[in-house]
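In terms of our numbering, the sequence shown opens at residue 111 and continues consecutively. Note that beta-carbon positions come from the ideal geometry of N, C-alpha and C, so glycine has one too. Computed from a prediction, not measured in an experiment: that's the story for all the values here.
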Amino acid sequence: MHKAPLALLAICAQTTALKLVFAGGTGGLGSALAERCAKQGHSVTILCRNAYLAVSPSRVSEDFGWVGERRVQEWDAQGFGKKITFRDWTGGDELDSVSDRWVGWEDSLKNVDAVVFTVGDLGKRGRTRPVDAIARAAREAGEAMPRRFVHLAPVDDLVKRTGAFADKRIETLRDTERSWKQTFGGLGRCLRAGTVLGLPKFADSRLFPAPKDLRRVGTWVHLDDLTDAVLGACFDAEASSDPVLVEPSSVRTIEAAKARPARSNYYL
(Lines of atoms letter the chains of each structure in order from A and count residues from 1; the text may use other names and numbers.)
(Lines give C-alpha, C1' and ligand atoms only; values in the text may rest on other atoms or scores of the structure.)
Protein backbone atom coordinates (compact mmCIF):
# COMPACT_ATOMS: atom_id res chain seq x y z
CA MET A 1 0.00 0.00 0.00
CA HIS A 2 1.06 3.57 -0.65
CA LYS A 3 1.27 6.19 2.08
CA ALA A 4 -0.99 9.24 1.87
CA PRO A 5 0.85 12.53 1.06
CA LEU A 6 -1.03 14.39 3.79
CA ALA A 7 0.85 17.62 4.37
CA LEU A 8 0.43 19.47 1.05
CA LEU A 9 -3.08 18.17 0.42
CA ALA A 10 -4.21 19.13 3.92
CA ILE A 11 -3.19 22.74 3.21
CA CYS A 12 -5.35 22.71 0.06
CA ALA A 13 -8.26 21.26 2.04
CA GLN A 14 -8.06 24.05 4.59
CA THR A 15 -8.13 26.83 2.00
CA THR A 16 -10.82 25.60 -0.42
CA ALA A 17 -14.40 24.89 0.63
CA LEU A 18 -15.70 21.59 -0.72
CA LYS A 19 -19.16 20.15 -1.31
CA LEU A 20 -19.05 16.62 0.11
CA VAL A 21 -21.50 13.73 0.22
CA PHE A 22 -21.09 11.05 2.91
CA ALA A 23 -22.52 7.55 2.48
CA GLY A 24 -22.41 6.03 5.97
CA GLY A 25 -22.30 9.47 7.58
CA THR A 26 -24.71 8.60 10.40
CA GLY A 27 -22.33 6.00 11.83
CA GLY A 28 -19.70 6.66 14.46
CA LEU A 29 -16.76 7.31 12.14
CA GLY A 30 -18.74 8.89 9.31
CA SER A 31 -20.48 11.41 11.55
CA ALA A 32 -17.20 12.30 13.27
CA LEU A 33 -15.55 12.92 9.90
CA ALA A 34 -18.57 14.91 8.69
CA GLU A 35 -18.36 17.06 11.81
CA ARG A 36 -14.65 17.78 11.33
CA CYS A 37 -15.17 18.64 7.67
CA ALA A 38 -18.06 20.99 8.48
CA LYS A 39 -15.98 22.70 11.19
CA GLN A 40 -13.39 23.47 8.51
CA GLY A 41 -16.03 25.18 6.38
CA HIS A 42 -16.93 22.38 3.97
CA SER A 43 -20.58 21.63 3.11
CA VAL A 44 -21.65 18.07 3.91
CA THR A 45 -24.69 16.07 2.80
CA ILE A 46 -25.23 12.85 4.75
CA LEU A 47 -27.13 10.14 2.89
CA CYS A 48 -29.33 8.14 5.24
CA ARG A 49 -32.13 5.63 5.06
CA ASN A 50 -34.52 7.92 6.88
CA ALA A 51 -33.57 11.49 7.73
CA TYR A 52 -36.15 11.82 10.51
CA LEU A 53 -35.01 8.71 12.37
CA ALA A 54 -31.33 9.51 11.79
CA VAL A 55 -31.65 12.67 13.89
CA SER A 56 -34.23 11.37 16.39
CA PRO A 57 -33.78 12.18 20.08
CA SER A 58 -32.10 8.87 20.94
CA ARG A 59 -30.45 5.89 19.32
CA VAL A 60 -33.49 4.41 17.66
CA SER A 61 -31.57 1.66 15.89
CA GLU A 62 -28.12 1.20 14.43
CA ASP A 63 -29.94 0.61 11.15
CA PHE A 64 -30.69 4.33 11.11
CA GLY A 65 -27.43 5.64 12.56
CA TRP A 66 -26.12 7.15 15.75
CA VAL A 67 -26.21 10.88 15.06
CA GLY A 68 -29.14 11.83 17.28
CA GLU A 69 -30.98 15.09 17.82
CA ARG A 70 -28.70 16.19 20.67
CA ARG A 71 -25.63 16.00 18.47
CA VAL A 72 -27.32 17.98 15.71
CA GLN A 73 -28.23 20.63 18.28
CA GLU A 74 -24.60 20.76 19.42
CA TRP A 75 -23.51 21.32 15.83
CA ASP A 76 -25.98 24.19 15.57
CA ALA A 77 -24.77 25.69 18.85
CA GLN A 78 -21.17 25.59 17.62
CA GLY A 79 -22.14 27.50 14.49
CA PHE A 80 -21.62 24.95 11.74
CA GLY A 81 -24.87 22.98 11.89
CA LYS A 82 -26.16 24.51 8.67
CA LYS A 83 -23.12 23.04 6.90
CA ILE A 84 -24.56 19.55 7.44
CA THR A 85 -27.77 18.34 5.80
CA PHE A 86 -29.46 14.93 5.67
CA ARG A 87 -30.92 13.28 2.59
CA ASP A 88 -33.01 10.10 2.47
CA TRP A 89 -31.70 7.42 0.15
CA THR A 90 -35.10 5.72 0.12
CA GLY A 91 -38.53 6.72 1.33
CA GLY A 92 -37.83 4.54 4.36
CA ASP A 93 -36.11 1.31 5.27
CA GLU A 94 -38.99 -0.84 4.04
CA LEU A 95 -38.17 0.07 0.42
CA ASP A 96 -34.78 -1.63 0.69
CA SER A 97 -36.48 -5.00 0.37
CA VAL A 98 -38.48 -4.19 -2.75
CA SER A 99 -36.33 -1.82 -4.77
CA ASP A 100 -32.73 -1.09 -5.66
CA ARG A 101 -33.76 2.43 -6.62
CA TRP A 102 -32.29 4.58 -3.87
CA VAL A 103 -34.56 7.60 -4.29
CA GLY A 104 -33.03 11.01 -3.75
CA TRP A 105 -29.40 10.24 -4.47
CA GLU A 106 -29.38 11.51 -8.03
CA ASP A 107 -29.71 15.21 -7.21
CA SER A 108 -27.54 14.88 -4.11
CA LEU A 109 -24.54 13.78 -6.18
CA LYS A 110 -24.76 16.50 -8.81
CA ASN A 111 -22.04 19.17 -8.79
CA VAL A 112 -20.34 17.93 -5.62
CA ASP A 113 -16.59 17.70 -5.19
CA ALA A 114 -16.44 14.23 -3.67
CA VAL A 115 -18.38 11.27 -2.33
CA VAL A 116 -16.90 9.76 0.86
CA PHE A 117 -17.90 6.13 1.53
CA THR A 118 -17.80 5.05 5.20
CA VAL A 119 -20.60 2.48 5.21
CA GLY A 120 -20.03 0.18 8.19
CA ASP A 121 -22.08 -2.84 7.11
CA LEU A 122 -19.55 -5.56 6.35
CA GLY A 123 -22.09 -7.92 4.85
CA LYS A 124 -21.40 -8.17 1.12
CA ARG A 125 -24.71 -6.76 -0.06
CA GLY A 126 -24.59 -4.16 2.69
CA ARG A 127 -21.69 -2.53 0.89
CA THR A 128 -22.16 -3.44 -2.76
CA ARG A 129 -25.73 -2.13 -3.01
CA PRO A 130 -24.89 1.45 -1.96
CA VAL A 131 -21.77 1.35 -4.18
CA ASP A 132 -23.95 0.34 -7.13
CA ALA A 133 -26.42 3.11 -6.25
CA ILE A 134 -23.64 5.72 -6.11
CA ALA A 135 -22.29 4.55 -9.46
CA ARG A 136 -25.74 4.76 -11.05
CA ALA A 137 -26.42 8.22 -9.62
CA ALA A 138 -23.00 9.40 -10.81
CA ARG A 139 -23.70 8.18 -14.33
CA GLU A 140 -27.06 9.93 -14.36
CA ALA A 141 -25.39 13.15 -13.22
CA GLY A 142 -23.41 13.19 -16.48
CA GLU A 143 -21.11 16.19 -16.66
CA ALA A 144 -22.28 17.20 -13.16
CA MET A 145 -20.92 13.99 -11.59
CA PRO A 146 -18.60 14.19 -8.53
CA ARG A 147 -14.90 14.87 -9.10
CA ARG A 148 -13.68 12.23 -6.62
CA PHE A 149 -14.96 9.06 -4.96
CA VAL A 150 -13.20 8.21 -1.68
CA HIS A 151 -13.55 4.75 -0.10
CA LEU A 152 -12.46 4.25 3.52
CA ALA A 153 -11.75 0.82 5.02
CA PRO A 154 -9.94 -0.63 8.06
CA VAL A 155 -6.67 -2.54 7.76
CA ASP A 156 -6.94 -6.33 7.95
CA ASP A 157 -5.43 -6.53 11.45
CA LEU A 158 -8.17 -4.29 12.82
CA VAL A 159 -10.89 -6.44 11.24
CA LYS A 160 -9.32 -9.55 12.78
CA ARG A 161 -9.67 -8.04 16.24
CA THR A 162 -13.42 -7.51 15.84
CA GLY A 163 -14.38 -11.14 16.39
CA ALA A 164 -16.05 -13.83 14.31
CA PHE A 165 -16.17 -14.07 10.51
CA ALA A 166 -13.09 -11.85 10.12
CA ASP A 167 -12.00 -13.60 6.91
CA LYS A 168 -15.40 -13.03 5.30
CA ARG A 169 -15.40 -9.39 6.41
CA ILE A 170 -11.93 -8.86 4.95
CA GLU A 171 -13.04 -10.52 1.70
CA THR A 172 -16.03 -8.14 1.57
CA LEU A 173 -13.77 -5.11 2.02
CA ARG A 174 -11.35 -6.25 -0.68
CA ASP A 175 -14.24 -7.00 -3.07
CA THR A 176 -15.61 -3.50 -2.44
CA GLU A 177 -12.21 -1.91 -3.06
CA ARG A 178 -11.85 -3.80 -6.34
CA SER A 179 -15.34 -2.76 -7.37
CA TRP A 180 -14.59 0.85 -6.38
CA LYS A 181 -11.44 0.85 -8.53
CA GLN A 182 -13.17 -0.75 -11.52
CA THR A 183 -16.24 1.48 -11.29
CA PHE A 184 -14.65 4.89 -10.73
CA GLY A 185 -11.21 4.39 -12.32
CA GLY A 186 -8.97 7.43 -12.02
CA LEU A 187 -11.61 9.29 -10.01
CA GLY A 188 -11.59 6.66 -7.27
CA ARG A 189 -9.47 6.75 -4.11
CA CYS A 190 -9.13 3.97 -1.52
CA LEU A 191 -7.86 4.69 1.98
CA ARG A 192 -7.11 2.20 4.76
CA ALA A 193 -6.52 2.99 8.42
CA GLY A 194 -6.06 1.20 11.73
CA THR A 195 -7.68 2.07 15.03
CA VAL A 196 -8.99 5.64 14.94
CA LEU A 197 -8.23 7.56 18.12
CA GLY A 198 -10.31 10.60 19.03
CA LEU A 199 -13.73 9.19 18.10
CA PRO A 200 -16.59 10.19 20.42
CA LYS A 201 -17.15 7.33 22.85
CA PHE A 202 -20.94 7.40 22.48
CA ALA A 203 -20.71 6.99 18.70
CA ASP A 204 -19.15 3.56 18.34
CA SER A 205 -18.14 2.59 14.82
CA ARG A 206 -18.80 -0.84 13.35
CA LEU A 207 -16.19 -0.19 10.69
CA PHE A 208 -13.53 1.12 13.10
CA PRO A 209 -14.42 -0.21 16.58
CA ALA A 210 -12.86 1.62 19.52
CA PRO A 211 -9.94 -0.16 21.20
CA LYS A 212 -10.73 -2.00 24.42
CA ASP A 213 -7.10 -1.90 25.49
CA LEU A 214 -5.18 1.21 24.42
CA ARG A 215 -1.88 -0.49 25.20
CA ARG A 216 -2.43 -2.86 22.28
CA VAL A 217 -3.98 -0.76 19.53
CA GLY A 218 -1.56 -1.86 16.82
CA THR A 219 -1.75 0.32 13.70
CA TRP A 220 -3.55 3.54 14.59
CA VAL A 221 -4.28 7.02 13.38
CA HIS A 222 -5.83 10.05 15.04
CA LEU A 223 -9.14 11.41 13.75
CA ASP A 224 -7.38 14.67 12.83
CA ASP A 225 -4.97 12.79 10.55
CA LEU A 226 -7.76 10.75 9.02
CA THR A 227 -9.77 13.91 8.29
CA ASP A 228 -6.74 15.42 6.56
CA ALA A 229 -6.27 12.24 4.53
CA VAL A 230 -9.91 12.12 3.43
CA LEU A 231 -9.92 15.79 2.41
CA GLY A 232 -6.57 15.34 0.71
CA ALA A 233 -7.93 12.45 -1.34
CA CYS A 234 -10.75 14.73 -2.46
CA PHE A 235 -8.15 17.09 -3.96
CA ASP A 236 -5.45 14.75 -5.19
CA ALA A 237 -5.63 14.66 -8.99
CA GLU A 238 -2.72 12.28 -9.57
CA ALA A 239 -3.02 9.66 -6.82
CA SER A 240 -3.11 5.96 -7.59
CA SER A 241 -6.43 4.19 -7.15
CA ASP A 242 -4.57 1.48 -5.20
CA PRO A 243 -5.22 1.50 -1.42
CA VAL A 244 -3.31 4.10 0.59
CA LEU A 245 -2.37 3.52 4.22
CA VAL A 246 -3.19 6.54 6.38
CA GLU A 247 -0.61 7.16 9.09
CA PRO A 248 -0.10 9.84 11.75
CA SER A 249 1.08 12.90 9.86
CA SER A 250 3.59 14.32 12.30
CA VAL A 251 5.49 13.62 15.50
CA ARG A 252 3.63 16.54 17.07
CA THR A 253 0.27 14.91 16.37
CA ILE A 254 1.45 11.60 17.83
CA GLU A 255 2.77 13.26 20.97
CA ALA A 256 -0.41 15.31 21.39
CA ALA A 257 -2.61 12.22 21.10
CA LYS A 258 -0.55 10.27 23.64
CA ALA A 259 -0.26 13.15 26.08
CA ARG A 260 -3.89 14.29 25.97
CA PRO A 261 -5.58 13.51 29.31
CA ALA A 262 -8.31 10.87 29.27
CA ARG A 263 -11.90 12.18 29.15
CA SER A 264 -15.07 10.25 29.79
CA ASN A 265 -16.64 10.93 26.41
CA TYR A 266 -13.70 10.26 24.07
CA TYR A 267 -11.52 7.33 23.13
CA LEU A 268 -8.01 8.75 22.98
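Should residue i and residue j be called a contact, given that it needs their Cβ atoms to be closer than 8 Å?
i	j	result
A243	P256	no
T228	L139	yes
V177	T155	no
A339	P240	no
T329	T293	no
R344	D223	Arg is not the amino acid found at residue 344; the sequence shown has Cys there. Yes, the pair counts as a contact, with Cβ atoms nearer than the cut-off.
G191	V182	yes
T337	L157	no
Could you work out which residue in the options is closest to residue i when comparing CA atoms only?
i	options	result
L268	T238, P310, V331 and A254	V331
I194	C147, V222 and R258	C147
R279	L341, R316 and A224	R316
E250	G296, F318 and L219	L219
E348	G296, V306 and L341	G296
K291	K149, L143, H261 and F275	H261
F275	G233, E179 and L333	G233
A380	V226, A187 and L143	Given a span of 111 to 378 for the chain in the structure shown, any question on residue 380 remains unanswerable.
R258	A142, R271, C300 and P310	C300
P358	L333, S351, G342 and L143	L333
T282	P319, W185 and D231	D231
G151	W185, T136 and E179	W185
S153	V265, N221, D335 and R159	N221
A254	R235, D217 and D277	D217
R271	T337, F318 and L309	F318
S289	T136, T238 and S350	T238
G298	S350, V265, G137 and S141	S350
D266	P353, S141, P310 and G137	P353
Quick one: what does DSSP say residue i is sitting in, helix, strand or coil?
i	result
T329	coil
P256	coil
K129	strand
V229	coil
T195	strand
L297	helix
R235	helix
R249	helix
A148	helix
L317	coil
P310	strand
T337	helix
P358	coil
P264	strand
L118	Below a pLDDT of 50, predicted positions are generally treated as unreliable, and L118, at 48, falls in that range; the measurement from the model is reported next regardless. Looking at L118 - three-state DSSP - the assignment turns out to be helix.
R271	coil
L157	strand
T94	Any answer about residue 94 is impossible in this case: the structure gives the chain only from 111 up to 378.
A187	helix
A303	strand
A243	helix
A142	helix
A383	Because the chain spans 111 through 378 in this model, residue 383 falls outside it and cannot be assessed.
With 16 as the cutoff for other CB atoms within 10 Å, does residue i come out buried or exposed?
i	result
R373	Since pLDDT at R373 reaches only 40, below the 50 mark, its modelled position is unreliable, and the value read off the structure follows with that caveat. Label assigned to R373: exposed.
E145	buried
E287	buried
A187	exposed
L128	buried
A263	buried
R180	exposed
R302	buried
T126	exposed
G342	buried
D277	exposed
G236	exposed
G135	buried
R284	exposed
G252	exposed
Would you say the beta carbon of residue i is closer than 7 Å to some non-hydrogen atom of the ligand COA?
i	result
Q292	Among the ligands in the structure shown, none appear at all, so the ligand COA cannot be discussed.
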